[in-house]
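S.K.:
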Ligand code: SF4
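Numbering (the numbering used here), first residue to last: 1 to 464.
1) Taking the alpha-carbon positions, what's the residue 441 to residue 22 distance?
2) Check the C-beta distance from residue 179 over to residue 128 and give it rounded, since I have them as a contact under 8 Å.
3) With DSSP as the reference, identify every bridge partner of residue 221, one or two as the case may be.
4) Indicate whether residue 447 and residue 401 have their beta-carbon atoms separated by less than 9 Å.
5) Mapping DSSP to helix, strand and coil, what is residue 202?
6) First and last residue of the alpha helix (DSSP H) that includes residue 279?
7) Am I right that residue 110 and residue 143 are in contact with their C-beta atoms under 8 Å? What's the rounded C-beta distance?
8) Counting C-beta neighbours from all protein chains within 10 Å, is the total for residue 30 16 or more, i.e. buried, or is it exposed?
9) Pick out whichever of 356, 418, 439 has its Cα sitting closest to the Cα of residue 430.
10) For residue 370, does the three-state DSSP call read helix, strand or coil?
11) With the cut-off set at 9 Å, would you say residue 66 and residue 87 are in Cβ contact?
12) If the criterion is Cβ atoms closer than 9 Å, does the pair residue 362 and residue 163 meet it?
13) Which class does residue 437 belong to by DSSP, given the choice of helix, strand or coil?
14) Pop quiz: residue 175 and residue 154 are said to be a contact at Cβ under 8 Å. What is the actual Cβ separation, rounded to whole angstroms?
15) Hey, out of 73, 415, 394, whose CA is closest to residue 249's CA?
16) Can you tell me where the beta strand (DSSP E) holding residue 62 begins and where it ends?
17) Kindly examine the ligand SF4 and report whether one of its heavy atoms sits closer than 8 Å to the Cβ of residue 444.
18) What are the boundary residues of the beta strand (DSSP E) that residue 161 is part of?
19) So, is residue 195 buried or exposed, given that buried needs 16 or more other C-beta atoms within 10 angstroms?
20) Taking residue 336 as the reference, give the member of 366, 307, 357 with the closest Cα.
21) Between which two residues does the beta strand (DSSP E) harbouring residue 331 extend?
22) According to DSSP, is residue 247 helix, strand or coil?
23) With H, G and I counted as helix, E and B as strand and the rest as coil, what does DSSP make of residue 447?
24) Check whether the Cβ atoms of residue 90 and residue 64 lie closer than 9 Å to each other.
25) Just grab the DSSP bridge partners of residue 339 for me.
26) Using a Cβ distance threshold of 8 Å, determine whether the segment 325-336 contacts the segment 43-59, with at least three qualifying pairs required.
27) Quick one: any contact between the segment 300-314 and the segment 255-266, if contact means 3 or more CB pairs under 8 Å?
28) Using a threshold of 8 Å, is the CB atom of residue 428 nearer than that to any non-hydrogen atom of the ligand SF4?
29) Rounded to a whole number of angstroms, what is the C-alpha to C-alpha distance between residue 271 and residue 108?
30) Going by other Cβ atoms of all chains shown within 10 Å of its Cβ, with 16 needed for buried, is residue 80 buried or exposed?
31) Can you tell me whether residue 456 is helix, strand or coil according to DSSP?
32) Report the residue ranges of all beta strand (DSSP E) runs contained in full by the segment 111-143; include only those spanning at least 3 residues, in chain order.
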């Protein structure tokens, strides 16, 4: 895989054929298949199954939903509270949930991966961060070499936060930045000067965080290709992040009504929006970054860039990772898990979550137990996204089926994409072309058995 991009095939006509709603495939089956029929009893069964493999690595995601103010582009599950206070009862609920999980899983099972996301995890003050960290690691100690990461908002994070987090054992930090253009920042109500972000990146490095990730967003009002290229160049020059996620702004006002505020501005769509990403991808790859897939870039020498060459890249709810884990538990309101063959989703509403835990129950709202067919399709989608290829012999060996026959419909649906130069369909497997890496969601969609039913209403953001 070269680091230079071949964009010669990418045209407005090609884009128009593939710019449609589609899942991001952080899970398969995807969220619309999660059902309330999967409740606490089902979750407890899965946890009991997971407890039987106590020696396997465990990954934990902790959702901290609070933010001081709402950014209009936000698609996360957040609770806006300019005044501190609601985090204390929430921390108590997290403590109770952790205790319930520790009882259900093997005692003191080690974590290979711990991730705090939000919301804004550093909405908690340093002492609260320390208390939560202790509540977690006293029950689930960190394994040697564990990835311990959190998302921070530079606007509310202090140097004391960074020092405390590093001392506790956090070794990775991810900062949202979106776009450096002040007009764009004003338009999305998130004003964050470069100097502030740079100070925190430098301090994180000085403290010994091994990886700094920067999140950018394209498709916001007032963004232009040249303006966004300027942002990307400044990010590379001033921050030199180890990893970058350059997300497509997902405009889903039917789920996030506050996003309607952005419709008054000029929201780039179609080719104009795609050019924003293309320009960013050109800048990153010209600077030596590796295009991992979807929207991720890794600096040469970063473990993710190395894993690309060795086909060791994985993907979970948090994005691309080099750390596979057999189970991933989600803690907190709306947190999603993947435990012993089932996806689980906690209560969406803060009050229901806290009430559920206070009543002594696991706060599960929905989930889905994967069938053997789901596991097969999930593995195929995972291969396409992470390995950018699918080896039919591997499918035969792993699942005992002939993929050519089993996926005859999907492979037929890929023919037009092969004709467009996005994928190569060979006798022994399929390979994503450099142009196809921009359309991974589209390439996975033919393998999604649920998509036809889900397509009836507005469900997913657009693929491009
Ligand atoms: S800080 Fe992050 S999570 Fe909070 S509202 Fe803004 S984008 Fe959403």
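The beta carbon of each residue, even a glycine, is placed where N, CA and C say it ideally should be.
This one's a predicted model, so the numbers in the text were calculated from it and none came from an experiment.
M.R.: In short:
1) Taking the first residue of the chain shown as position 1, residue 441 is located at position 441. Taking the first residue of the chain shown as position 1, residue 22 is located at position 22. When rounded, the distance between both Cα atoms is 7 Å.
2) One-based indexing of the chain shown puts residue 179 at position 179. One-based indexing of the chain shown puts residue 128 at position 128. About 31 Å; that fails the 8 Å criterion.
3) Locating residue 221 in the chain shown gives position 221, counting from the first residue. Answer is none; residue 221 lacks a bridge partner.
4) Residue 447 sits at position 447 when you count from the first residue of the chain shown. Residue 401 sits at position 401 when you count from the first residue of the chain shown. In this structure, residue 401 does not lie closer than 9 Å to residue 447 by Cβ.
5) The residue given as residue 202 occupies position 202 in the chain shown. Residue 202 falls in the helix class under three-state DSSP.
6) Here residue 279 refers to the residue found at position 279 of the chain shown. Looking at the DSSP string, the run of the alpha helix (DSSP H) that includes residue 279 is 270-286.
7) Numbered from 1 along the chain shown, position 110 holds the residue referred to as residue 110. Numbered from 1 along the chain shown, position 143 holds the residue referred to as residue 143. That pair is a contact at about 4 Å.
8) Your numbering for residue 30 matches position 30 in the chain shown. Residue 30 should be labelled buried.
9) Here the question's residue 430 lines up with position 430 in the chain shown. Selected option, being the one with the closest Cα: 418.
10) Counting from 1 along the chain shown, the entry for residue 370 is found at position 370. Shown here, residue 370 sits in coil according to DSSP, grouped into three states, outside any helix or strand.
11) The sequence position of residue 66 within the chain shown is 66, counting from 1. The sequence position of residue 87 within the chain shown is 87, counting from 1. Contact flag set, yes.
12) Here residue 362 refers to the residue found at position 362 when the chain shown is read from its first residue. Here residue 163 refers to the residue found at position 163 when the chain shown is read from its first residue. Contact: no.
13) Position 437 of the chain shown holds residue 437. In this structure, residue 437 counts as helix in the three-state DSSP scheme.
14) The sequence position of residue 175 within the chain shown is 175, counting from 1. The sequence position of residue 154 within the chain shown is 154, counting from 1. With 8 Å as the limit, residue 175 and residue 154 qualify as a contact, their Cβ atoms being about 6 Å apart.
15) Numbered from its first residue, the chain shown carries residue 249 at position 249. Cα-wise, what sits closest to residue 249 is 73.
16) Taking the chain shown and counting its residues from 1, one reaches residue 62 at position 62. Segment 58-64, the beta strand (DSSP E) holding residue 62.
17) Looking up residue 444 in the chain shown gives position 444. The answer is no for residue 444.
18) To locate residue 161, count along the chain shown from 1; it is residue 161. Per DSSP, residue 161 belongs to no beta strand (DSSP E); it is in the alpha helix (DSSP H), 159-168.
19) Counting from 1 along the chain shown, the entry for residue 195 is found at position 195. Per the 10 Å Cβ criterion, exposed.
20) The residue you call residue 336 lines up with position 336 of the chain shown. Here the closest residue by C-alpha is 366.
21) Along the chain shown, one-based indexing puts residue 331 at 331. First-last of the beta strand (DSSP E) with residue 331: 327-331.
22) By one-based count along the chain shown, residue 247 stands at place 247. Correct three-state label for residue 247: strand.
23) In the chain shown, the residue the question calls residue 447 occupies position 447. Helix at residue 447.
24) On the chain shown, position 90 is the one that residue 90 refers to. On the chain shown, position 64 is the one that residue 64 refers to. Contact flag set, yes.
25) Within the chain shown, numbered from 1, the residue matching residue 339 stands at position 339. Partner(s): 342.
26) Look at the beta carbons and you see the segment 325-336 touching the segment 43-59: at least three pairs across the two are nearer than 8 Å.
27) no
28) Within the chain shown, numbered from 1, the residue matching residue 428 stands at position 428. Answer for residue 428: no, Cβ out of range of the ligand SF4.
29) Residue numbering aside, residue 271 sits at position 271 when the chain shown is read from its first letter. Residue numbering aside, residue 108 sits at position 108 when the chain shown is read from its first letter. Their backbone Cα atoms lie some 51 Å apart in a straight line.
30) Stepping through the chain shown from its first residue, residue 80 is reached at position 80. Exposed, since its Cβ has fewer than 16 Cβ neighbours within 10 Å.
31) Within the chain shown, residue 456 is the residue found at index 456, counting from 1. Since pLDDT at residue 456 reaches only 48, below the 50 mark, its modelled position is unreliable, and no value is offered.
32) 111-118
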